[in-house]
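Novice:
Numbering (the numbering used here), first residue to last: -5 to 270.
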């Protein structure tokens, strides 16, 4: 097992502390975090060559990249292929695709048409990625417009796109009120990557809350300090033979550097004490 963290958290930590990006990257490496989850736009924004050198200098690799698309309206595969080429250049072995959103006002016919376009485009992208030895994944995305925010919706995509895999986000199923452990059992055979996102109901945590469909305000939290059953998920992952990346995720946290350190320490400790 190894730890990664969202590069966005490193950027925010630099802004919050006044440390340079290089200084934060070095601190992150000292925390035992060896890789990042990298947004395609962040990589292209500064130039992929600059990003590659910056990460390599700190001894940090790219565990996975992620990108947002609109394949439901525009099923052009070119942006997806270019994403794969960028991931390959940066050494990412996995990539997370958010293939598009469907407006709540869409008719059943419009929704189905969008889903079919997404699936068709993903099939082409997965075939190209396979030739590059990169795994394409989707996750349970916490947005009412995402037709893949729950396990059953993800299962539909897995059936339509045989080469697709799952990034299991521990903290997103609560958005729709779905039980995380039940979702894990449904998806476990296709999980290749894990986002260890915790949530808190305590507004004293600060940060920007995510409003769940139930109306609950979900505040960012260091891994292990909220109410998501991450430890139980880790137990199941390890029992099932998972030994890949555990990604630290807490967008909109008030103390990104402190949260990263606390999350890394808790995840290492929790993983080590699992009996398998």
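Ideal Cβ placement from N, Cα and C applies to all residues, glycine included.
(1) Going straight from the alpha carbon of residue 177 to that of residue 167, what length do you get?
(2) Please state whether DSSP places residue 54 in a helix, a strand or coil.
(3) With 7 Å set as the bound, which would you pick, yes or no: does the beta-carbon of residue 268 sit closer than that to a beta-carbon of chain B?
(4) Around the C-beta of residue 3, are 16 or more other C-beta atoms found within 10 angstroms, so that it is buried, or is it exposed?
(5) Please report how far the alpha carbon of residue 107 lies from the alpha carbon of residue 92, in whole angstroms.
(6) I need the straight-line Cα distance from residue 324 to residue 184, nearest angstrom please.
(7) By the DSSP assignment, the beta strand (DSSP E) with residue 31 in it spans what residues?
(8) To the nearest angstrom, how far is it from the Cα of residue 69 to the Cα of residue 160?
(9) Measure the C-alpha to C-alpha separation of residue 38 and residue 44 and round it to an integer number of angstroms.
(10) Consult DSSP for residue 115 and reduce its assignment to one of helix, strand or coil.
(11) If the criterion is Cβ atoms closer than 7 Å, does the pair residue 191 and residue 243 meet it?
(12) Got a sec, what are the start and stop residues for the beta strand (DSSP E) residue 146 sits in?
(13) With distances taken from CA atoms, which of 61, 248, 208, 232 is nearest residue 5?
(14) Straight-line CA distance for residue 136 to residue 165?
(15) Since I believe residue 138 is in contact with residue 202 (beta carbons under 8 Å), could you give me their beta-carbon distance rounded to a whole number of angstroms?
(16) Would residue 71 and residue 42 be called neighbours here (beta carbons separated by less than 7 Å)?
(17) Judging by CA-CA distance, which residue of 131, 103, 111, 66 is the nearest neighbour of residue 57?
(18) What three-state label does DSSP hand residue 86 in the structure shown?
(19) Looking only at C-alpha atoms, which of 109, 77, 16 sits nearest to residue 280?
(20) Provide the residue(s) that pair with residue 241 in DSSP beta bridges, ordered along the chain.
(21) When the distance is taken between beta carbons, is residue 180 closer than 7 Å to residue 145?
(22) Who are the near neighbours of residue 120 in its chain, counting only those whose CB is closer than 7 Å to its CB and skipping five residues on each side?
Specialist: Concretely, from the data shown:
(1) 8 Å
(2) DSSP, read as helix, strand or coil, puts residue 54 in coil.
(3) Of the protein chains in this structure there is only one, and it is not chain B.
(4) buried
(5) 17 Å
(6) It is not possible to answer for residue 324, since the shown part of the chain is limited to -5 through 270.
(7) 27 to 33
(8) 21 Å
(9) 9 Å
(10) helix
(11) yes
(12) Residue 146 -> not in any beta strand (DSSP E); alpha helix (DSSP H) instead, spanning 145 to 154.
(13) The residue from 61, 248, 208, 232 with its alpha-carbon nearest to that of residue 5 is 248.
(14) Here the C-alpha atom of residue 136 lies approximately 9 Å from the C-alpha atom of residue 165.
(15) About 17 Å separates the two Cβ atoms, so there is no contact after all.
(16) no
(17) 131
(18) coil
(19) No answer is possible for residue 280: the residues shown for the chain start at -5 and end at 270.
(20) -2, 189
(21) yes
(22) Excluding residues up to 5 positions away in sequence, 130, 155, 157, 158 lie with their Cβ nearer than 7 Å to the Cβ of residue 120 in the same chain.
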